[in-house]
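Shown next, in structure tokens, is the structure this report addresses.
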Amino acid sequence: MAPSEEHAKNPERVAAGLKATIKNPKVSEEAKAHATERLQELGGGETSKEKPTTQHATHDVESNRVLGGYKATLHNEKTSEDAKNHAREILSAAGYHEYETDEKEHNVRVIAGYKAALHNPKVSEEAKQHAKEYLKDHDAL
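Our numbering numbers the first residue of the sequence shown as 2 and each following residue consecutively.
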């Protein structure tokens, strides 16, 4: 083994050490700032084995909500073509591609969503009442 190979550092281990430095309460703020900079230079040092932090998970949930809104825009009959085109651009940039669904499949999904709302404890009573009315109007309750 060549001397340079012998002393080569594993980037995952370096990142783990930097993360430990950042979380260690005995380390100075200056050292934590330096470790943060180095970690960013390494690309965050995240590995597939790591779980996302709460901050990352929260960001993902918010991103999914926003993208979900754009998806809903594509199926809203009251939305203008300009808005739908904008939604397609945003979704395409995020890696989502529109797929064709027939009206029957769309209606099945809408009804399933309203039925799910009836059982979701986070849904307000007003929204549940609206869901019940929609389901009754469409003979799905």
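The beta carbon of each residue, even a glycine, is placed where N, CA and C say it ideally should be. Since we're looking at a predicted model, the values are computed, not measured.
**Report entry** Close Cβ partners of residue 57 (< 6 Å) along its chain, the five nearest in sequence each way excluded
**Finding:** Start at 1 with the first residue of the sequence shown, and residue 57 comes out as number 56. Caution applies to residue 57, whose pLDDT of 47 falls short of 50 and renders its modelled position unreliable; the model cannot decide the point.
**Report entry** Residue range of the unbroken alpha helix (DSSP H) whose run includes residue 26
**Finding:** For the purposes of this step, residue 26 is taken as the residue at position 25 of the sequence shown. Neither: residue 26 is in no alpha helix (DSSP H) and is coded neither H nor E.
Query - Range of the contiguous alpha helix (DSSP H) that encloses residue 93 - result: Stepping through the sequence shown from its first residue, residue 93 is reached at position 92. Run containing residue 93: 82–94, per the alpha helix (DSSP H) assignment.
Query raised in the report: So, using beta-carbon positions, are residue 115 and residue 92 closer together than 8 Å?
Result: Within the sequence shown, numbered from 1, the residue matching residue 115 stands at position 114. Within the sequence shown, numbered from 1, the residue matching residue 92 stands at position 91. Contact flag unset, no.
Report task. Give me the Cβ distance between residue 67 and residue 43, rounded to the nearest whole Å; I'm assuming they're in contact under 8 Å. Result -> In the sequence shown, the residue the question calls residue 67 occupies position 66. In the sequence shown, the residue the question calls residue 43 occupies position 42. At roughly 29 Å, the Cβ-Cβ gap does not stay under 8 Å, so residue 67 and residue 43 are not in contact.
Query - Neighbour-count burial assignment, residue 36, 16 or more Cβ in a 10 Å radius - result: Against the sequence shown, residue 36 aligns to sequence position 35. Result: buried.
Query - Exposure label - residue 88; buried when at least 16 CB within 10 Å - result: The sequence position of residue 88 within the sequence shown is 87, counting from 1. With 16 or more Cβ atoms within 10 Å of its Cβ, residue 88 is classed as buried.
Requested in this report: Pull up the distance between the alpha-carbon of residue 112 and that of residue 140, whole angstroms please.
Outcome: Start at 1 with the first residue of the sequence shown, and residue 112 comes out as number 111. Start at 1 with the first residue of the sequence shown, and residue 140 comes out as number 139. Between residue 112 and residue 140, the C-alpha separation is close to 10 Å.
Query raised in the report: What are the start and end residues of the alpha helix (DSSP H) that includes residue 133?
Result: As a working mapping, residue 133 is identified with position 132 in the sequence shown. Here the alpha helix (DSSP H) through residue 133 covers 126–138.
Query raised in the report: Helix, strand or coil for residue 75 per DSSP?
Result: Walking along the sequence shown from the start, residue 75 turns up at place 74. It is helical.
Query raised in the report: Are the Cβ atoms of residue 129 and residue 117 separated by less than 8 Å?
Result: Reading the sequence shown from its first residue, position 128 is the one you call residue 129. Reading the sequence shown from its first residue, position 116 is the one you call residue 117. Not a contact, by the Cβ cut-off of 8 Å.
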